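Student: Supplied in structure tokens, the structure appears directly below.
Numbering (the working numbering), first residue to last: 22 to 89.
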């Protein structure tokens, strides 16, 4: 979507609510909560790594280093 659409339509935004650093910290917390929610089972470590890799892949490259 184009930049500014959330503001134009008064949609909620983590960056507007928390600032960039706060939104990155929130993302990091959410990813770790997802990783911790994976139950112990065969392949759990692989699934946890996949969650982390996908989070990095979906994070804009200029923010990926901060969010990791």
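Ideal placement from N, C-alpha and C gives every residue a C-beta, glycine not left out.
Note that this is a predicted model, so its numbers are computed, not measured.
In angstroms with no decimal places, state the Cα-to-Cα distance between residue 82 and residue 43.
Tutor: 17 Å
Student: Going by beta-carbon coordinates alone, are residue 56 and residue 73 separated by less than 8 Å?
Tutor: yes
Student: Given residue 24, which residues of its chain have a CB within under 7 Å of its CB, disregarding the five upstream and five downstream residues?
Tutor: none
Student: Once DSSP output is grouped into helix, strand and coil, what is the label at residue 36?
Tutor: helix
Student: By the three-class DSSP mapping on this structure, what secondary structure does residue 52 have?
Tutor: helix
Student: Look at the alpha carbon of residue 64 and the alpha carbon of residue 51, and state the distance between them as a whole number of angstroms.
Tutor: Residue 51 has its alpha-carbon roughly 21 Å from the corresponding atom of residue 64.
Student: In whole angstroms, what is the alpha-carbon distance linking residue 62 and residue 69?
Tutor: 11 Å
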